[in-house]
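*Asks:* For our numbering, add 18 to where a residue sits in the sequence shown, where the first one is 1.
Just so it is clear, CB atoms sit at the ideal spot from N, CA and C, and this is done for glycine as well.
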Amino acid sequence: MNADSIPSGRVQKAPESFLTPSGIKEVFAEGKKGRRDFIRNAFAAAAAGAAAPMAMAQGNPVPVEGGDPNILNLPEHAVGLGQGVAVEGYGKPSQYEANLQRRQSPGLTQTTQASVSFAPLQSLFGIVTPSGLHFERHHQGWWDIDPSKHRFMINGMVKKNMVFTIDEIMRLPSVSRFHFIECGANTATEWGNVAVPTVQYTHGMISCSEFTGVPLITLLEMAGADLKNGKFVLAEGGDGSSMTRTIPMSLITSGEVIVAYGQNGEMLRPENGYPLRLVVPGVQGVSWVKYLRRVEVGDKPYAAKDEAIHYIDLMPNGLQRQYTNIQEIKSVVTTPSGGQVLLDKGFYNITGLAWSGKGKVKRVDVSTDGGRNWRQARLETPVLTKALTRFNLDWVWEGKPAIIQSRAQDETGHVQPTYQQLRAVRGTRSIYHNNAIQSWLVQENGEVKNVQLS
Ligand SMILES: Nc1nc2c(c(=O)[nH]1)N[C@H]1C(S)=C(S)[C@@H](COP(=O)(O)O)O[C@H]1N2
Ligand SMILES: [Mo]
Numbered sequence: 019m020n021a022d023s024i025p026s027g028r029v030q031k032a033p034e035s036f037l038t039p040s041g042i043k044e045v046f047a048e049g050k051k052g053r054r055d056f057i058r059n060a061f062a063a064a065a066a067g068a069a070a071p072m073a074m075a076q077g078n079p080v081p082v083e084g085g086d087p088n089i090l091n092l093p094e095h096a097v098g099l100g101q102g103v104a105v106e107g108y109g110k111p112s113q114y115e116a117n118l119q120r121r122q123s124p125g126l127t128q129t130t131q132a133s134v135s136f137a138p139l140q141s142l143f144g145i146v147t148p149s150g151l152h153f154e155r156h157h158q159g160w161w162d163i164d165p166s167k168h169r170f171m172i173n174g175m176v177k178k179n180m181v182f183t184i185d186e187i188m189r190l191p192s193v194s195r196f197h198f199i200e201c202g203a204n205t206a207t208e209w210g211n212v213a214v215p216t217v218q219y220t221h222g223m224i225s226c227s228e229f230t231g232v233p234l235i236t237l238l239e240m241a242g243a244d245l246k247n248g249k250f251v252l253a254e255g256g257d258g259s260s261m262t263r264t265i266p267m268s269l270i271t272s273g274e275v276i277v278a279y280g281q282n283g284e285m286l287r288p289e290n291g292y293p294l295r296l297v298v299p300g301v302q303g304v305s306w307v308k309y310l311r312r313v314e315v316g317d318k319p320y321a322a323k324d325e326a327i328h329y330i331d332l333m334p335n336g337l338q339r340q341y342t343n344i345q346e347i348k349s350v351v352t353t354p355s356g357g358q359v360l361l362d363k364g365f366y367n368i369t370g371l372a373w374s375g376k377g378k379v380k381r382v383d384v385s386t387d388g389g390r391n392w393r394q395a396r397l398e399t400p401v402l403t404k405a406l407t408r409f410n411l412d413w414v415w416e417g418k419p420a421i422i423q424s425r426a427q428d429e430t431g432h433v434q435p436t437y438q439q440l441r442a443v444r445g446t447r448s449i450y451h452n453n454a455i456q457s458w459l460v461q462e463n464g465e466v467k468n469v470q471l472s
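1. Any chance the CB of H157 is under 7 angstroms from a heavy atom of ligand 1?
2. Does the distance from the C-beta atom of Y297 to that of F229 stay below 8 angstroms?
3. Can you list, in chain order, the residues of its chain whose CB lies under 8 angstroms from that of G445, leaving out five sequence neighbours each side?
4. Taking the continuous beta strand (DSSP E) assigned at Q358, which residues delimit it?
5. I want to check one thing, is the minimum distance from the CB of K308 to the heavy atoms of ligand 1 below 7 angstroms?
6. Measuring only the C-alpha atoms, how far is Q119 from A241?
7. Give me the Cα-Cα distance between P87 and A420, rounded to the nearest whole angstrom.
8. Just verifying my parser: in three-state terms, what is the DSSP assignment at L142?
9. What does P266 pair with, by DSSP beta-bridge criteria?
10. Closer than 7 angstroms by C-beta to V212: which residues in its own chain qualify, once you throw out the five before and the five after it? Chain order, please.
11. Could you work out which residue in R155, D383 and G377 is closest to I368 when comparing CA atoms only?
12. Within a Cβ cutoff of 7 angstroms, which residues of the same chain sit near N468, ignoring the five residues on either side of it in sequence?
13. If you reduce the DSSP assignment to three classes, tell me which class R444 lands in.
14. From P354 to Q461, what distance separates their C-alpha atoms?
15. Put G210 into one of helix, strand or coil per three-state DSSP.
16. So, do the region 401-412 and the region 371-385 have three or more beta carbon pairs nearer to each other than 8 angstroms?
17. Do V217 and V350 have their beta-carbon atoms positioned less than 8 angstroms apart in this structure?
18. Which whole runs of the beta strand (DSSP E) in the region 104-188 are 3 residues long or more, in chain order?
19. Quick check on DSSP: helix, strand or coil for V275?
20. Taking the alpha helix (DSSP H) that E239 falls in, what are its first and last residues?
21. To the nearest angstrom, how far is it from the Cα of K178 to the Cα of C226?
22. Please name the residue, chosen from I330, E465, V307 and A454, that lies closest to G210 on a Cα-to-Cα basis.
23. What are the start and end residues of each continuous beta strand (DSSP E) run of 3 or more residues lying completely inside the region 375-448, in chain order?
24. Is the beta carbon of Y114 sitting closer than 8 angstroms to the one on I184?
25. Check the DSSP bridge columns for A243 and list the partner residues they point to.
26. Helix, strand or coil: which one does DSSP assign to K467?
27. Could you tell me whether the Cβ atoms of P299 and E325 are closer together than 8 angstroms?
28. On the three-pair Cβ rule with 8 angstroms, is the region 338-346 touching the region 394-403?
29. Is the region 309-321 touching the region 416-432 in the sense that three or more CB pairs, one from each, lie closer than 8 angstroms?
30. Please report the straight-line C-alpha distance between N463 and W413, rounded to a whole angstrom.
31. Roughly how many whole angstroms lie between the Cα atoms of F61 and G85?
32. Examine ligand 4 and report whether any of its heavy atoms sits within less than 7 angstroms of the Cβ of C201.
33. Give the DSSP bridge partners of Q338, in chain order.
34. Using a Cβ-Cβ cut-off of 8 angstroms (strictly less than) and excluding sequence neighbours within five positions of Q338, which residues of its own chain qualify?
35. Return the first residue and the last residue of the alpha helix (DSSP H) that I89 is part of.
36. Helix, strand or coil: how does DSSP classify Q30 here?
Dropping the structure here:
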């Protein structure tokens, strides 16, 4: 990497993630040229010499030709008394991050009682989704349920039916694990090449958290479940959506499925199923039943409404594929991505996320020329099973059009398909389970757009 090239590249955030409304005005009013000069001036000032720090030590701002007042003048916060601790408050993000929000997709009908919100992947770092930015999908609205009244019941092929309170569940041996949850309909609009503008809307129905709870197998054993003939479990939610899903017993006996009450170190958020939700690693989001109130042990799949009518894949031969639960190997570049603007030629850190419902991500390759050439990206630690994995790659943008893609591979050897490969198998009329390679076009003027290569 050439050190001289590092300062020149700057990414303007996607419109919805600008720092402040005044920041939006600034960029629009100054245009890109103005912002570029501002950045150049800042570096000029930083390089301007040793006089400034001495002057600042005396508390006397000294103007330097072409210098940046933001580095030369001591700001209020460096000399005044800051605010006292927020003794009783719950911490909030900086006021300057107020535009970092989950949002409804412009590709879907806008409603007041929205049923899905997307996570702002373009502005997130690492692999954990802050709980307040976790995507949401509610089939019948969300509730803030009184945990003292919530109960969890086990019945069906068990020796004795059991009813647990939250306190009783929280007394049991617990586990904490990082896993992604992805709605089976994530990236659905791209099947029809609707090309929603940003990665928030193409891929934002995925999030990753540390979940804490009790393995479901522990609770089933307490109830004396018939683990030999009971091949399936029906999980039922406590909201009005009659959300019931069949979970194969093999996922439960492996110890992976968790009856969770914790998310990122605190109790689940109401939107995400407080006080109890099922965590089914690797499996599509709909099976992660929220407000969990019952599991029933049975010997056959239940073909519940959300398994018989929804979350099925219409294949080219006209048949429907059912119980396609595992979220297969997938990745996306989050910067540069749709709606962002590269403000100058030079160095950029290409970054993104990869995940597989089958295990760990093994490798991610990145192309900047629409798939002709590929370079292997760095996987950042930790690389965890059925969790988001962060990748990074150095890139110098020459100022010419470029098509950026990422292609992931998991430890089982599965490789993310192109749209051509995916459609050859799945046809064109699917809604769910789109794991194709995403393309972002960097235009000569630096603007990044969602495009699809055929
Ligand atoms: N009880 C209940 N569980 C539910 C749902 C629901 O509407 N009700 N939605 C499901 C769907 S389709 C998804 S994708 C995930 C979304 O979880 P989240 O809102 O925590 O992101 O929850 C699943 N579990
Ligand atoms: Mo979903």
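*Replies:* In short, the structure shows the following:
1. Residue numbering aside, residue 157 sits at position 139 when the sequence shown is read from its first letter. Shortest gap from the CB of H157 to any heavy atom of ligand 1: under 7 angstroms.
2. To locate residue 297, count along the sequence shown from 1; it is residue 279. To locate residue 229, count along the sequence shown from 1; it is residue 211. Residue 297 is actually Val in this sequence, not Tyr. For the 8 angstroms CB-CB criterion, V297 and F229 form a contact.
3. The sequence position of residue 445 within the sequence shown is 427, counting from 1. Residues L332, M333 and P334 of the same chain have their beta carbon placed closer than 8 angstroms to that of G445, with the five preceding and five following residues left out of the count.
4. On the sequence shown, residue 358 is found 340 positions in, with the first residue counted as 1. Unbroken run through Q358: none, as it is neither H nor E.
5. Along the sequence shown, read from residue 1 onward, the residue named residue 308 stands at position 290. Relative to ligand 1, K308 has its C-beta within less than 7 angstroms of a heavy atom.
6. Locating residue 119 in the sequence shown gives position 101, counting from the first residue. Locating residue 241 in the sequence shown gives position 223, counting from the first residue. Straight-line Cα distance between these residues: approximately 42 angstroms.
7. Residue 87 sits at position 69 when you count from the first residue of the sequence shown. Residue 420 sits at position 402 when you count from the first residue of the sequence shown. Near 36 angstroms, if we compare the C-alpha coordinates of A420 and P87.
8. By one-based count along the sequence shown, residue 142 stands at place 124. When DSSP states are grouped into helix, strand and coil, L142 belongs to the coil group.
9. For this step, residue 266 is matched to residue 248 along the sequence shown. Answer by DSSP bridge pairing, in chain order: F250.
10. Mapped onto the sequence shown, residue 212 falls at position 194. G125, listed in sequence order.
11. Indexing the sequence shown from 1 puts residue 368 at position 350. Looking at R155, D383 and G377, the one whose alpha-carbon comes closest to that of I368 is D383.
12. Residue mapping note: residue 468 aligns to position 450 of the sequence shown, counting from 1. Only A213, V214, P215, T220, G356 and W458 meet the Cβ criterion.
13. The residue you call residue 444 lines up with position 426 of the sequence shown. Three-state result, R444: helix.
14. By one-based count along the sequence shown, residue 354 stands at place 336. By one-based count along the sequence shown, residue 461 stands at place 443. Answer to the nearest angstrom: the Cα atoms are 11 angstroms apart.
15. As a first step, residue 210 must be located in the sequence shown, where it is residue number 192. Note: G210 maps to helix in three-state DSSP.
16. With the cut-off at 8 angstroms, the region 401-412 and the region 371-385 touch.
17. The count along the sequence shown starts at 1 and reaches residue 350 at position 332. The count along the sequence shown starts at 1 and reaches residue 217 at position 199. Yes, they are a contact pair.
18. Along the region 104-188, the beta strand (DSSP E) occurs as fully enclosed runs of 3 or more residues at 169-174 and 180-183, listed in sequence order.
19. Here residue 275 refers to the residue found at position 257 when the sequence shown is read from its first residue. When secondary structure is reduced to three states using DSSP, V275 falls in the coil class, being assigned neither helix nor strand.
20. In the sequence shown, residue 239 corresponds to position 221, counting from 1. L234 to M240 is the extent of the alpha helix (DSSP H) around E239.
21. Counted from its first residue, the sequence shown places residue 178 at position 160. Counted from its first residue, the sequence shown places residue 226 at position 208. Going from the Cα of K178 to the Cα of C226 covers about 35 angstroms.
22. Within the sequence shown, residue 210 is the residue found at index 192, counting from 1. Checked all of I330, E465, V307 and A454; the closest Cα to G210 is A454.
23. Note on the region 375-448: whole beta strand (DSSP E) runs with a minimum of 3 residues are 379-385, 407-415 and 420-428, in chain order.
24. As a first step, residue 114 is located in the sequence shown; it is residue number 96 there, counting from the start. As a first step, residue 184 is located in the sequence shown; it is residue number 166 there, counting from the start. By the CB criterion at 8 angstroms, Y114 and I184 fall outside the cutoff.
25. For the purposes of this step, residue 243 is taken as the residue at position 225 of the sequence shown. According to the DSSP secondary-structure assignment, A243 is paired through a beta bridge with V176.
26. For this step, residue 467 is matched to residue 449 along the sequence shown. Here DSSP, grouped into helix, strand and coil, assigns K467 to strand.
27. Against the sequence shown, residue 299 aligns to sequence position 281. Against the sequence shown, residue 325 aligns to sequence position 307. Taking a C-beta distance under 8 angstroms as the contact criterion, P299 and E325 do not qualify as a contact pair.
28. The region 394-403 and the region 338-346 do not touch, with fewer than three beta-carbon pairs separated by less than 8 angstroms.
29. Using a C-beta cut-off of 8 angstroms, the region 416-432 makes no contact with the region 309-321, since fewer than three inter-stretch Cβ pairs fall below that distance.
30. Here residue 463 refers to the residue found at position 445 of the sequence shown. Here residue 413 refers to the residue found at position 395 of the sequence shown. Rounded to the nearest whole angstrom, the CA to CA distance from N463 to W413 is 17 angstroms.
31. The residue given as residue 61 occupies position 43 in the sequence shown. The residue given as residue 85 occupies position 67 in the sequence shown. Unreliable positioning characterises F61 in this predicted model, as indicated by a pLDDT of 31, which lies under 50. The coordinate reading is nonetheless provided below. Spanning the two alpha carbons is a distance of roughly 9 angstroms.
32. Questions concerning ligand 4 fall outside what the structure shown contains, since the ligands it does hold are ligand 1 and ligand 2.
33. Along the sequence shown, read from residue 1 onward, the residue named residue 338 stands at position 320. Answer by DSSP bridge pairing, in chain order: L332.
34. Working through the sequence shown from its first residue, we reach residue 338 at position 320. I330, D331 and L332.
35. In the sequence shown, counting from the first residue as 1, residue 89 sits at position 71. Unbroken alpha helix (DSSP H) run through I89: P87 to L90.
36. Your numbering for residue 30 matches position 12 in the sequence shown. Three-state result, Q30: strand.
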